[in-house]
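Accompanying notes for the structure given below.
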Amino acid sequence: MVLIRTWLKGMKSDPSKQSSVPLHQTISGVLDHDLATLKTFFTFAPDFVTREFQLRTGDKAVLVYLEGLIDKSAINNNILYPLMYELETINDIWNSSITIARTEIITLWTDIEKAIFQGKSILIIEGQKRSLIIDTQGWPQR
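According to my numbering, the sequence shown is numbered sequentially starting from -10.
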(Lines of atoms letter the chains of each structure in order from A and count residues from 1; the text may use other names and numbers.)
(Lines give C-alpha, C1' and ligand atoms only; values in the text may rest on other atoms or scores of the structure.)
Protein backbone atom coordinates (compact mmCIF):
# COMPACT_ATOMS: atom_id res chain seq x y z
CA MET A 1 0.00 0.00 0.00
CA VAL A 2 2.91 2.35 0.67
CA LEU A 3 4.11 1.96 -2.93
CA ILE A 4 0.63 2.77 -4.27
CA ARG A 5 0.30 5.86 -2.04
CA THR A 6 3.78 7.07 -3.02
CA TRP A 7 3.03 6.52 -6.68
CA LEU A 8 -0.34 8.30 -6.47
CA LYS A 9 1.22 11.20 -4.54
CA GLY A 10 3.84 11.56 -7.29
CA MET A 11 1.12 11.57 -9.94
CA LYS A 12 -0.78 14.37 -8.19
CA SER A 13 2.27 16.52 -7.50
CA ASP A 14 3.84 16.27 -10.96
CA PRO A 15 1.40 16.83 -13.85
CA SER A 16 4.02 15.65 -16.35
CA LYS A 17 3.75 12.14 -14.86
CA GLN A 18 0.00 11.93 -15.30
CA SER A 19 -1.29 9.42 -17.78
CA SER A 20 -3.44 10.22 -20.76
CA VAL A 21 -5.61 7.17 -20.07
CA PRO A 22 -9.23 7.99 -20.89
CA LEU A 23 -10.63 6.69 -17.60
CA HIS A 24 -14.30 7.26 -18.42
CA GLN A 25 -14.08 5.71 -21.87
CA THR A 26 -14.51 2.09 -22.86
CA ILE A 27 -11.81 -0.25 -24.03
CA SER A 28 -11.27 -0.26 -27.80
CA GLY A 29 -11.33 -3.97 -28.60
CA VAL A 30 -7.92 -3.64 -30.28
CA LEU A 31 -5.65 -5.67 -28.01
CA ASP A 32 -2.40 -3.85 -28.81
CA HIS A 33 -4.02 -0.45 -28.25
CA ASP A 34 -5.68 -1.50 -24.99
CA LEU A 35 -2.46 -3.05 -23.73
CA ALA A 36 -0.49 0.10 -24.59
CA THR A 37 -3.06 2.17 -22.71
CA LEU A 38 -2.68 -0.01 -19.61
CA LYS A 39 1.11 0.09 -19.79
CA THR A 40 1.00 3.87 -20.01
CA PHE A 41 -1.13 4.13 -16.92
CA PHE A 42 0.93 1.64 -14.88
CA THR A 43 4.35 2.92 -16.01
CA PHE A 44 5.39 3.58 -12.41
CA ALA A 45 4.21 0.22 -11.04
CA PRO A 46 7.21 -2.14 -11.24
CA ASP A 47 5.10 -5.21 -10.42
CA PHE A 48 2.51 -4.62 -13.17
CA VAL A 49 2.37 -7.88 -15.14
CA THR A 50 0.97 -8.53 -18.61
CA ARG A 51 0.57 -12.22 -19.55
CA GLU A 52 -0.12 -12.41 -23.28
CA PHE A 53 -1.38 -15.79 -24.52
CA GLN A 54 -3.64 -17.45 -27.04
CA LEU A 55 -7.01 -18.89 -26.10
CA ARG A 56 -7.87 -22.41 -27.19
CA THR A 57 -10.22 -20.78 -29.72
CA GLY A 58 -7.23 -19.08 -31.38
CA ASP A 59 -8.06 -15.57 -30.13
CA LYS A 60 -5.25 -13.48 -28.63
CA ALA A 61 -5.71 -12.38 -25.04
CA VAL A 62 -3.85 -10.75 -22.19
CA LEU A 63 -4.23 -11.12 -18.43
CA VAL A 64 -3.00 -8.12 -16.41
CA TYR A 65 -2.47 -7.73 -12.67
CA LEU A 66 -0.17 -6.40 -9.95
CA GLU A 67 2.06 -9.30 -8.97
CA GLY A 68 2.30 -8.49 -5.27
CA LEU A 69 -1.47 -8.60 -4.81
CA ILE A 70 -2.54 -11.81 -6.54
CA ASP A 71 -2.51 -15.57 -6.01
CA LYS A 72 -0.15 -16.72 -8.77
CA SER A 73 -1.04 -20.40 -8.38
CA ALA A 74 -4.76 -19.70 -8.86
CA ILE A 75 -4.00 -17.70 -12.00
CA ASN A 76 -1.84 -20.41 -13.55
CA ASN A 77 -3.93 -23.44 -12.61
CA ASN A 78 -7.49 -22.15 -12.56
CA ILE A 79 -7.56 -19.33 -15.09
CA LEU A 80 -4.81 -19.57 -17.70
CA TYR A 81 -4.86 -23.35 -18.08
CA PRO A 82 -8.63 -23.59 -18.71
CA LEU A 83 -8.59 -20.65 -21.11
CA MET A 84 -5.68 -22.07 -23.11
CA TYR A 85 -6.63 -25.76 -23.13
CA GLU A 86 -10.30 -26.31 -22.19
CA LEU A 87 -12.30 -23.39 -23.61
CA GLU A 88 -14.81 -24.45 -26.27
CA THR A 89 -16.07 -21.08 -27.58
CA ILE A 90 -15.32 -17.41 -26.91
CA ASN A 91 -18.85 -17.03 -25.51
CA ASP A 92 -17.98 -19.46 -22.71
CA ILE A 93 -15.79 -16.75 -21.18
CA TRP A 94 -18.70 -14.33 -20.80
CA ASN A 95 -20.98 -17.11 -19.52
CA SER A 96 -18.94 -17.81 -16.37
CA SER A 97 -16.55 -20.42 -17.73
CA ILE A 98 -14.13 -19.45 -14.97
CA THR A 99 -15.74 -21.08 -11.98
CA ILE A 100 -12.90 -20.89 -9.45
CA ALA A 101 -13.27 -17.15 -8.92
CA ARG A 102 -15.97 -14.52 -8.98
CA THR A 103 -16.01 -12.62 -12.26
CA GLU A 104 -17.59 -9.45 -13.58
CA ILE A 105 -17.83 -8.04 -17.10
CA ILE A 106 -16.69 -4.42 -17.43
CA THR A 107 -15.96 -1.95 -20.19
CA LEU A 108 -14.72 1.29 -18.56
CA TRP A 109 -11.06 2.10 -17.94
CA THR A 110 -11.93 3.54 -14.54
CA ASP A 111 -13.33 0.15 -13.43
CA ILE A 112 -10.28 -1.66 -14.81
CA GLU A 113 -7.89 0.63 -12.93
CA LYS A 114 -9.79 0.23 -9.65
CA ALA A 115 -9.92 -3.57 -9.98
CA ILE A 116 -6.18 -3.87 -10.64
CA PHE A 117 -5.39 -1.82 -7.54
CA GLN A 118 -7.70 -4.12 -5.54
CA GLY A 119 -5.62 -7.18 -6.50
CA LYS A 120 -7.91 -8.46 -9.19
CA SER A 121 -6.84 -9.62 -12.64
CA ILE A 122 -8.24 -8.29 -15.89
CA LEU A 123 -8.73 -10.44 -18.98
CA ILE A 124 -8.77 -8.53 -22.28
CA ILE A 125 -9.43 -10.36 -25.55
CA GLU A 126 -8.71 -9.20 -29.10
CA GLY A 127 -11.86 -7.93 -30.79
CA GLN A 128 -13.89 -7.66 -27.58
CA LYS A 129 -15.01 -4.24 -26.30
CA ARG A 130 -15.46 -5.62 -22.83
CA SER A 131 -13.14 -7.24 -20.34
CA LEU A 132 -13.45 -9.60 -17.42
CA ILE A 133 -12.50 -8.83 -13.83
CA ILE A 134 -11.40 -11.99 -12.05
CA ASP A 135 -11.04 -12.15 -8.26
CA THR A 136 -7.47 -13.35 -7.81
CA GLN A 137 -6.45 -11.57 -4.64
CA GLY A 138 -3.73 -13.26 -2.67
CA TRP A 139 -1.89 -12.31 0.48
CA PRO A 140 -0.42 -8.81 0.07
CA GLN A 141 3.34 -8.96 -0.40
CA ARG A 142 4.02 -5.25 -0.64
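Built from N, CA and C at the ideal position, the CB exists for glycine as well.
If you're wondering where the values come from, they're calculated on a predicted model, not measured in any experiment.
- DSSP, read as helix, strand or coil, puts Ala34 in coil.
- Among the bridge pairs identified by DSSP, Val53 is matched with Thr39 and Ile111.
- DSSP places Ile122 in the uninterrupted beta strand (DSSP E) bounded by Ser120 to Ile123.
- Ile64 and Thr125 have their C-alpha atoms roughly 7 Å apart.
- Rounded to whole angstroms, Thr96 and Val53 show a C-alpha spacing of 15 Å.
- Distance check between Arg119 and each of Arg40, Val51 and Asp36 places Val51 closest, using alpha-carbon atoms only.
- Here the C-alpha atom of Leu24 lies approximately 20 Å from the C-alpha atom of Thr92.
- For Thr92, the uninterrupted beta strand (DSSP E) segment begins and ends at Thr92 to Ile95.
- Asp36 places its beta carbon less than 8 Å from that of Leu55.
- If you look at Asn80, you'll find it in the alpha helix (DSSP H) that goes Asn80 to Trp83.
- DSSP lists Gln126 as the beta-bridge partner residues of Ile59.
- For Gln117, the number of other beta carbons within 10 angstroms of its own is at least 16, and it is reported as buried.
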